[in-house]
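J.: This note's numbering numbers the first residue of the sequence shown as 95 and each following residue consecutively.
Using N, Cα and C, we set each Cβ at its ideal position, and we do this for glycine too.
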Amino acid sequence: MRSVNSLIVLMLAVTAFSAFASAQTKKNQRAAEPQKAVESTPNTEPAGNGTTYRYEFSQPDFVISRVVISHNDGGKGTITFFKRSYDEPLEDPISLSEATLERIRAVLRDMDFLNSSEDYQYEKDYSHLGTSSVTVEQGERKRTAKYNWTTNKLARQLVEEYRRVSNLYIWKFDINLSRENQPLESPKLMERLEQMVGRDQVADTDGLIPFLNELSNDERLPLMARNRAVRIVKQLEKKKK
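1. Counting beta carbon pairs with one atom in the segment 203 to 214 and one in the segment 242 to 262, are three or more of them shorter than 8 Å?
2. So for Thr-194, helix, strand or coil by DSSP?
3. Closest to Phe-156 by CA distance: which of Tyr-263, Leu-283 and Thr-225 is it?
4. Measuring only the C-alpha atoms, how far is Ser-327 from Asp-294?
5. So for Arg-273, helix, strand or coil by DSSP?
6. So, at 7 Å on beta carbons, what are the nonlocal neighbours of Met-290 in its own chain, with the 5 sequence-adjacent residues on each side left out?
7. Using the three-state DSSP reduction, which class does Thr-145 fall into: helix, strand or coil?
8. For Lys-121, which of helix, strand or coil comes out of DSSP?
9. Where in the segment 151 to 210 do unbroken runs of the alpha helix (DSSP H), each at least 4 residues long, occur, reported from the N-terminal end onward?
10. Got a sec? Which residues, its chain only, sit under 7 Å from Ala-323 by beta carbon, not counting five neighbours each side?
11. With distance defined between alpha-carbon atoms, name the residue in Asp-219, Pro-183, Ser-189 and Ser-272 nearest to Val-162.
12. Between the alpha carbons of Leu-302 and Glu-331, how many angstroms are there, rounded?
13. Report yes if the C-beta distance between Arg-178 and Ser-152 is below 8 Å; otherwise report no.
14. Mark Asp-298 as exposed unless 16 or more other C-beta atoms lie within 10 angstroms of its C-beta, in which case mark it buried.
15. So what's Gln-232 in DSSP terms, helix, strand or just coil?
16. Who are Lys-240's beta bridge partners in DSSP?
17. Find the nearest neighbour of Leu-248 within the set Glu-212, Glu-279, Gly-171 and Trp-265, judged by alpha-carbon distance.
18. Measuring alpha carbon to alpha carbon, tell me which residue in Lys-170, Gly-292, Thr-145 and Leu-315 is nearest Glu-234.
19. With distances taken Cα to Cα, identify the nearest neighbour of Tyr-147 among Ser-272, Tyr-241, Lys-333 and Arg-237.
20. Verify whether the separation of the beta carbon atoms of Thr-172 and Glu-192 is less than 8 Å.
21. Less than 8 Å between the beta carbons of Gln-215 and Tyr-180, yes or no?
22. Near Ser-280, which residues of its chain fall below 6 Å by C-beta distance, leaving aside the five closest residues on each side in sequence?
23. Mapping the DSSP letters down to three states, classify Thr-218 as helix, strand or coil.
See the structure below:
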C-alpha cells in the first residue's frame with residue numbers, strides 16, 4: 095500500500111513539473127518576440143538646399159543692443175536679441191515667408207555673395223549707427239560681410255530685409271508681453287507698428303493680418319489699441335489691392 099501511495103505522489107510531482115516547464119517555455123517565447131518598430135512621423139518642414147544664413151546687428155548704446163537672426167533655406171530659425179533692462183538674451187522661433195526668403199535670395203544672387211570678395215564698408219566709420227554682418231554658408235563655402243554704412247545698393251537692401259524681420263518679431267514679443275502683463279502699453283505699441291508699416295519697415299505684412307485680427311478681439315487690450323489694430327489691417331489690405 096505504501097508503494098502505491100509513493101507512486102501516486104511521484105506521478106503528481108512529475109505532472110506538476112511538466113506543467114510548470116511548459117508555462118515557463120511559453121513565457122520565454124513571448125519575451126523573446128521582437129517589439130514592433132514605432133512608426134516615425136515624417137518631417138514636413140521644407141528641407142531647403144542646405145544653405146544657412148545668419149544676420150547680426152549690434153550697437154551697445156541702443157535699447158535693443160544686439161540682434162541675431164539665424165535660419166535655414168526653408169525659413170525656419172530663431173531670433174535672439176538683447177534688450178535693455180533684461181539680464182538674459184531673449185529668443186523666439188521664426189518662420190520667414192516665402193516672399194521674404196525670395197527677396198533675400200535674390201539680393202544675394204545679384205551680389206554673387208559667396209563668390210565675391212568686395213568690401214561693402216564705406217570709407218568713413220559710422221559705427222555709432224550700429225554694425226551689421228551677414229554670413230552665408232553653403233557646403234564648404236562660407237562668407238561673412240560686415241559693415242556699418244555702405245553705398246552699395248544691394249548690400250544696403252540686404253540688411254534692410256533683415257531689419258524688417260527683426261522689427262516684426264521684436265514687436266510681436268513686445269505686444270504679447272503687453273497682452274499678458276502690461277495692457278496699457280499696447281496703444282503705444284500699436285502706434286509704433288502703424289508707423290513702421292507706413293514706412294515699409296516690417297516683413298511679412300500679409301502674415302501679420304491674422305494676428306492683428308486676433309488682437310482686435312482681445313478684450314484685455316484697451317479699445318484704443320484694438321481699434322488701431324483694425325485700422326492697420328485695413329491699410330494692409332488696401333496695399334494688397
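T.: Reading it off the structure:
1. yes
2. helix
3. Thr-225
4. Sequence check: residue 327 is Val here, not Ser. Distance between the alpha carbons of Val-327 and Asp-294 is about 14 Å.
5. helix
6. Asn-261 and Val-296
7. coil
8. With a pLDDT of 40 at Lys-121, under the threshold of 50, the predicted position of this residue should be treated as unreliable, and no value is reported.
9. 192 to 205
10. Hits under 7 Å: Met-284, Leu-306, Leu-309 and Ser-310.
11. Pro-183
12. When the Cα atoms are used, Leu-302 and Glu-331 turn out to be separated by approximately 11 Å.
13. no
14. buried
15. In the structure shown, Gln-232 adopts extended strand secondary structure according to DSSP, grouped into three states.
16. Residue pairing by DSSP places Lys-240 opposite Ser-227 in a beta bridge.
17. Glu-212
18. Thr-145
19. Considering only Ser-272, Tyr-241, Lys-333 and Arg-237, the residue with the shortest C-alpha distance to Tyr-147 is Arg-237.
20. No, the pair does not count as a contact, with Cβ atoms beyond the cut-off.
21. no
22. Ser-272, Leu-315 and Ala-319
23. Per the sequence shown, residue 218 should be read as Lys rather than Thr. Of the three classes helix, strand and coil, the one that applies to Lys-218 here is coil, per DSSP.
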